[in-house]
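The block underneath contains the structure these notes are about, expressed in structure tokens.
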Amino acid sequence: MQISIKNLHFQANPELALRIDNWMLADGQSALVCGANGSGKSVFAQLVSGRLRAASGEIMFSRPDKLAYVGVELEAEILAEDRYHNDSEFIEGGLDQGRTAREIIGSGQNLESVCRLIGISYLLDRPFKAISTGEARKVLIAKALMDDPELLVLNEPFSGLDIVSRKEMHDLFNELVDRDVQLLLFDFYHESLPESIDHLVYLSGGRIAMEGLRKNVTGSPQWKTCTHYQIQLPHHLPDCYQYDHLDSSCPFVKTVDLDVAYNGKKVFSGVNWTFQRGEHWRISGPNGSGKSTLLGMISGDNPKAYGKDITLFGIRRGSGESIWDIKRHYGIVSSSLHRDYRISATLLEVVVSGFYDSIGLYDKPTESQWRIGLEWLELLGMKGREKTPFSTLSFGDQRRVLIARAMVKLPLILLLDEPCLGLDHNNRSLVLALIDYIASHSQTHILFVSHDYRDELECLNRSLEFIPDGECYRAIISNMQ
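Residue numbering for the sequence shown is 56 to 536, as defined by the working numbering.
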């Protein structure tokens with residue numbers, strides 16, 4: 056399929072306008088479109104796929120009906136639709152699990168071959184909302200391939216995937232190119248992007264800054280200039296809450312023989328875990344092993360915690376504590392929070408909502424809270440954007456704001472479930488350095504989940520790793536230092 060773009064203009068938000076005067080993707084050609092946060096990658100992807108309409112200019116396709124799109128926002132849209140049609144109050148058992156992966160993908164003669172190609176036959180009958188981020192990404196790619204597209208537009212397809220799934224996806228994309236499926240892959244540049252795609256387009260400030268053979272672009276002096284960055288850490292941390300009301304002899308979290316199942320199928324079992332003062336944990340395991348489920352159970356966000364032997368801050372779950380009694384101790388960044396943050400709000404309002412553990416701002420903040428919110432925006436390089444609507448930001452910039460929201464009260468526990476999803480190299484390095492800085496300069500303790508090999512933290516001293524054990528997973532606990 057050939058794509059031709061002329062005089063394209065789209066105002067994404069007050070700070071970013073995408074302008075492409077003349078660009079063409081040749082029939083049969085695949086390309087990587089890369090750039091930093093706020094460069095216009097996601098806007099470009101959605102314009103090409105038809106999800107956004109340009110204010111001026113034109114995008115012409117030789118065969119527009121043979122194009123398919125997969126982006127991180129599709130998962131949120133599917134889950135929002137399932138929530139809208141939720142019939143829990145009318146069905147036996149009181150829990151509507153929503154559509155299965157099979158129902159999302161759709162039916163067709165090639166269903167079996169597509170699912171076998173991607174390796175997801177085992178999860179077809181699971182509820183879509185109960186599978187992991189990485190598994191959801193594979194389901195969306197399967198859905199896209201059901202119509203035998205000639206061009207597949209992929210917006211950050213590797214985000215949230217574990218090492219094995221990332222390798223499987225890498226091999227899948229190489230195989231699709233070998234089968235003459237064109238790929239237009241939008242992502243931050245890293246050397247592990249599929250080597251079968253040798254054409255690189257680099258965006259900066261909403262414009263094409265460089266284009267050509269991948270090795271020529273990445274070897275140029277201009278590339279080194281565009282991708283250079285420096286990390287600046289604060290001289291001090293903003294004011295924070297105190298947690299002196301807690302009994303210092305009690306662990307933050309204690310679980311006894313914890314297990315979880317969905318639709319009768321166990322995810323993990325026998326988790327005996329104690330989280331003490333002075334500990335910073337890495338929680339790891341394959342996609343679907345239950346990492347996010349465990350974090351949701353101890354932070355009050357997953358109803359699977361009810362009836363389980365879980366003690367939080369010295370109080371047994373189910374003994375009369377409220378969700379807010381639990382949440383006051385946490386700052387949280389997760390994919391589910393990102394999906395759910397759809398309230399109309401400015402950047403500063405989103406950050407300050409972290410003081411109230413709310414999605415949206417319903418209380419009147421103090422002057423001190425407004426000031427601290429502004430300080431965190433400045434620390435993450437977003438000074439002067441406090442009145443920008445949150446909904447107009449790119450996925451990566453939204454992630455930065457949600458990280459500031461989690462950190463704003465310097466919580467007792469900073470629960471970070473893939474916090475660097477959607478962040479470019481500069482922002483990723485800044486956030487990781489800031490987490491280490493917080494761990495060593497405050498009372499905050501870290502719970503950290505990441506599949507990305509670039510996400511290393513010096514502060515982590517304990518590890519909980521989910522490993523296969525028969526048909527489910529069990530936890531291995533060890534020291535890291």
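Backbone N, C-alpha and C define an ideal beta-carbon position, used for all residues, glycine too.
Here E266 carries a strand assignment [DSSP, helix/strand/coil]. Shown here for F243: same chain residues with a beta carbon closer than 7 Å to its own, the five before and five after excluded, namely C89, D479 and H480 in chain order. Judged by pairs of C-beta atoms under 8 Å, the region 59-75 touches the region 95-103, as three or more such pairs exist.
Given a length threshold of 3 residues, each whole run of the beta strand (DSSP E) inside the region 436-499 is given here in chain order: 468-472.
Leaving aside the five residues that flank S377 on each side, none in its chain has a CB nearer than 7 Å to its CB.
If you draw a straight line from the Cα of S505 to the Cα of L216, it is about 9 Å long.
In the three-state reduction of the DSSP assignment, L63 falls in the strand class.
In the displayed model, L179 falls within coil according to three-state DSSP, outside both helix and strand. The beta carbon of R440 sits closer than 8 Å to those of E70, L402 and L432, all from its chain and outside the five residues before and after it, given in chain order.
With contacts defined by Cβ atoms closer than 8 Å, I490 and Y385 do not form a contacting pair.
With a contact defined as Cβ atoms closer than 8 Å, F330 and F307 qualify at about 5 Å. Under the DSSP assignment, R337 falls in the beta strand (DSSP E) whose first and last residues are W336 to S339. If only uninterrupted alpha helix (DSSP H) runs of at least 4 residues are considered, those enclosed by the region 349-415 are 378-382, 390-395 and 402-407. Counting C-beta atoms within 10 angstroms of its own C-beta, H500 has 16 or more neighbours from the protein chains shown and is therefore classed as buried. As a beta-bridge residue in DSSP terms, K309 pairs with T329 and T366.
The continuous stretches of beta strand (DSSP E) do not include D233, which lies in the alpha helix (DSSP H) extending over residues I218 to D233.
Within the model, the alpha-carbon separation for V405 versus L416 is close to 7 Å. For M437, the closest of L485, R262 and S162 by C-alpha to C-alpha distance is L485.
Beta-bridge analysis with DSSP links Q237 to L206. Put simply, of S399, G95 and S413 the residue whose alpha carbon is nearest the alpha carbon of K382 is S413.
Fewer than three Cβ pairs drawn from the region 115-124 and the region 160-173 lie within less than 8 Å of each other, which leaves the two stretches out of contact. The three-state secondary structure of K419, taken from DSSP, is coil.
If you draw a 10 Å sphere on the C-beta of I531, you find fewer than 16 other C-beta atoms in it, and that means exposed.
Taking C-beta separations shorter than 6 Å and ignoring five residues to either side along the sequence, the partners of I338 in its chain run K346, V504 and L519, following chain order.
Assigned with DSSP and collapsed to three states, F213 falls in coil, not helix or strand. The beta carbon of E130 sits closer than 6 Å to those of A191, all from its chain and outside the five residues before and after it, given in chain order.
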